[in-house]
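Accompanying notes for the structure given below.
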Amino acid sequence: DKKRFSNEGEAECNGGIITGNKGGLGACAPYRRRHMCDYNLEFINEQNVLTTHDLLGNVLVTAKYEGDSIVSNHPNKGSSEVCTLLARSFADIGDIIRGKDLFLGNNKENEKLQENLKRIFKNIYANLKDPQALKHYKDDTKNYYQLREDWWALNRNDVWKALTCSAPYDANYVRRKSDRTMDFTSQGYCGHSETNVPTNLDYVPQFLRWFDEWADDFCRKRNIKLKNVKDACRDEKKRKYCSLNGYDCTKTIWKKGVLHRSNECTGCLVKCNPYEIWLGNQREAFRKQKQKYEKEINEKNTSRDSTNNSINNIYYEDFYKKYKEKTYNTVDEFIKLLNEGRYCKTENVEEEAIDFNSDMNTTFYRSKYCQVCPDCGVKCNGETCINKEYDDECRNKQKYEPPIGLTPTKITVFYSGDESDITQKLQKFCKDKNNKNGKNYQKWQCYYKDSIDNKCKMVKNSGNNITEDKITSFDEFFDLWVRNFLIDTIKWENEVKTCINNTTNADCNNE
1 DKKRFSNEGE AECNGGIITG NKGGLGACAP YRRRHMCDYN LEFINEQNVL TTHDLLGNVL
61 VTAKYEGDSI VSNHPNKGSS EVCTLLARSF ADIGDIIRGK DLFLGNNKEN EKLQENLKRI
121 FKNIYANLKD PQALKHYKDD TKNYYQLRED WWALNRNDVW KALTCSAPYD ANYVRRKSDR
181 TMDFTSQGYC GHSETNVPTN LDYVPQFLRW FDEWADDFCR KRNIKLKNVK DACRDEKKRK
241 YCSLNGYDCT KTIWKKGVLH RSNECTGCLV KCNPYEIWLG NQREAFRKQK QKYEKEINEK
301 NTSRDSTNNS INNIYYEDFY KKYKEKTYNT VDEFIKLLNE GRYCKTENVE EEAIDFNSDM
361 NTTFYRSKYC QVCPDCGVKC NGETCINKEY DDECRNKQKY EPPIGLTPTK ITVFYSGDES
421 DITQKLQKFC KDKNNKNGKN YQKWQCYYKD SIDNKCKMVK NSGNNITEDK ITSFDEFFDL
481 WVRNFLIDTI KWENEVKTCI NNTTNADCNN E
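UniProt numbering numbers the first residue of the sequence shown as 1 and each following residue consecutively.
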């Protein structure tokens with residue numbers, strides 16, 4: 001359905017549904033693969049599929065449905081993007097048939113499918129008439145991997161034609177050649193009428209394909225989300241300059257404790273917080289895949305394939321050997337290819353270009369729009385906004401003088417800060433049981449006489465306040481505490497959700 005190409009749909013890296021994911025590294029199944037139209041295959045079994053022709057018929061129907069789903073629901077129907085997605089699903093179908101697919105499914109439905117395929121190929125093997133063929137395809141493990149590999153090679157052209165039945169007439173499949181130039185089919189329809197299948201993507205290890213697809217999706221979604229953040233937080237020609245926590249920076253002066261909330265800036269708070277959480281999740285997905293690549297490319301033996309498919313291991317060994325010969329023998333060289341993706345190369349003058357080889361705090365940073373207000377606020381002239389200087393107007397001249405007979409209440413506030421992932425920010429604090437006076441503790445003194453006469457003071461040298469006492473009204477103090485509390489709660493929930501849900505796939509100790 002249309003959700004297959006949602007800007008909110010994400011890849012899944014959970015080891016419980018991806019074969020071989022463990023030790024903090026692994027593959028990430030694209031959202032497209034997670035929702036592939038393979039229902040027809042899920043219901044086949046050895047009772048209703050007796051011959052190779054029966055199996056081919058079911059695979060062709062599956063390919064036709066998957067192709068229709070991609071073409072009918074993709075937002076850019078007439079572009080080469082549709083052809084790229086068709087090629088990716090084509091390769092995944094090939095992996096399913098050959099027993100190479102890493103995706104287990106949310107309910108391990110792919111394990112059931114693989115058991116059925118084993119029995120189906122057992123039937124096909126039993127119907128072979130040639131003694132030499134029977135000897136050649138004998139499989140002691142009863143998986144019939146070599147038979148499945150050859151079946152796919154023989155029938156892949158028909159599967160491609162079924163998959164591209166609904167391909168747009170003006171869409172060409174663009175291929176990235178070994179010398180990093182681009183080539184494309186010339187007859188439209190994503191190469192439906194080509195004599196040979198115009199892609200060899202089905203002979204690239206699934207993990208590498210998925211990594212490339214993940215990078216494309218990340219860059220595309222990041223560009224969209226970044227525009228949404230900019231629109232919500234900035235319009236300097238209209239003197240709009242908002243902070244990530246929803247304050248109007250043209251009127252807010254942090255140094256003086258003057259905080260100005262604005263309805264116009266609420267959208268910045270709403271957009272920045274989910275964007276920062278999303279980037280944190282993507283950073284972790286990238287780290288897992290990058291480390292897996294380093295392990296794969298440096299593997300000394302042939303046991304790369306976690307499905308225990310000996311035929312696959314032979315192919316993988318040969319593939320990676322040739323791949324390293326093409327100078328992709330380090331993870332940095334491979335990641336340079338990710339930077340060449342269509343959406344990753346899009347230049348954004350507002351932010352630094354996406355570079356997966358650079359410091360992870362640049363590509364996965366929350367952007368210059370999602371920031372707190374400058375200490376002294378900003379001044380806008382109708383064209384641009386600049387930081388105000390630290391002058392008398394910025395100095396805190398308020399006096400904290402509790403009324404006679406009113407004893408201030410001492411309040412210690414836990415502050416996580418505005419930078420990076422919450423688990424990283426608080427890692428040192430959480431490990432130190434005696435950290436009672438660290439930078440994460442802000443010491444406040446508040447008094448409240450009435451709605452007019454009330455103030456709170458954050459004591460100098462507590463928390464991140466090292467210059468002078470910060471004085472604000474009790475209402476502003478309470479509002480700031482509630483906002484920070486809710487934002488931290490959302491971030492913690494995101495970080496530990498697998499443990500909170502207590503699923504059998506959660507790895508709370510190692511992740």
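Don't be surprised by glycine CBs; every beta carbon is placed ideally from N, CA and C.
With 16 as the cutoff for other CB atoms within 10 Å, does residue i come out buried or exposed?
i	result
C430	exposed
K230	buried
E493	exposed
D101	buried
G377	buried
F43	exposed
L134	exposed
E296	buried
H53	exposed
P75	exposed
S69	buried
Q282	buried
V59	buried
E149	buried
T199	buried
H192	buried
Y203	exposed
A87	buried
L41	buried
R395	exposed
D217	buried
K292	buried
L85	buried
N461	exposed
C480	Note that residue 480 is Leu in the sequence shown here, rather than Cys. So L480 counts as buried.
S303	Note that S303 scores 49 on pLDDT, short of 50, meaning its location in the model is unreliable and no value can be drawn from it.
Tell me which residue opens and which closes the beta strand (DSSP E) that residue i is part of.
i	result
T19	Where T19 is concerned, there is no enclosing beta strand (DSSP E), given that its DSSP letter is neither H nor E.
K455	N454 to M458
Y447	Y441 to Y448
I297	Run containing I297: none in the beta strand (DSSP E); it sits in the alpha helix (DSSP H), T266 to I297.
K470	K470 to T472
Give a yes or no on whether the C-beta atoms belonging to residue i and residue j are separated by under 9 Å.
i	j	result
A63	L154	no
G24	Q289	no
R366	L486	no
S416	K336	no
I471	Q398	yes
A167	G67	yes
C344	C190	no
K388	I224	no
R156	G94	yes
A171	S79	yes
E81	L259	no
D212	G341	yes
G382	R234	no
F414	F356	no
I97	L128	no
L50	N110	no
C380	E236	yes
Since residue i and residue j should fall inside the 8 Å C-beta cutoff, what is the C-beta to C-beta distance between them, to a whole number of angstroms?
i	j	result
Y241	C385	5 Å
V159	F90	7 Å
I17	N143	Not a contact, Cβ separation roughly 21 Å.
K410	Q442	Their Cβ separation, rounded to whole angstroms, is 11 Å, which puts K410 and Q442 out of contact at 8 Å.
C37	A11	About 18 Å; that fails the 8 Å criterion.
F478	N454	No, F478 and N454 are not in contact; Cβ-Cβ is about 10 Å, not under 8 Å.
W214	P30	6 Å
Y448	C370	So it is not a contact: roughly 33 Å between Cβ atoms.
F121	L147	6 Å
Can you tell me where the alpha helix (DSSP H) holding residue i begins and where it ends?
i	result
D38	D38 -> no alpha helix (DSSP H), and no H or E assigned at all.
H53	T52 to N73
I44	It is not in any alpha helix (DSSP H) - I44 carries neither H nor E in the DSSP assignment.
E149	Y145 to L163
D231	Q206 to C233
For the ligand NAD, any of its heavy atoms closer than 8 Å to the Cβ of residue i?
i	result
T362	Although the ligand NAD was asked about, the structure shown includes no ligands whatsoever.
Output yes if chain D places a C-beta closer than 9 Å to the C-beta of residue i; else output no.
i	result
K271	Absent from the structure: chain D. Only one protein chain is present.
For the segment 88 to 141, list the alpha helix (DSSP H) runs that are entirely contained and at least 4 residues long, ordered along the chain. 109 to 126 and 131 to 136
Would you list, in sequence order, the uninterrupted alpha helix (DSSP H) runs of no fewer than 4 residues that lie entirely inside the segment 328 to 416? 331 to 338 and 360 to 363
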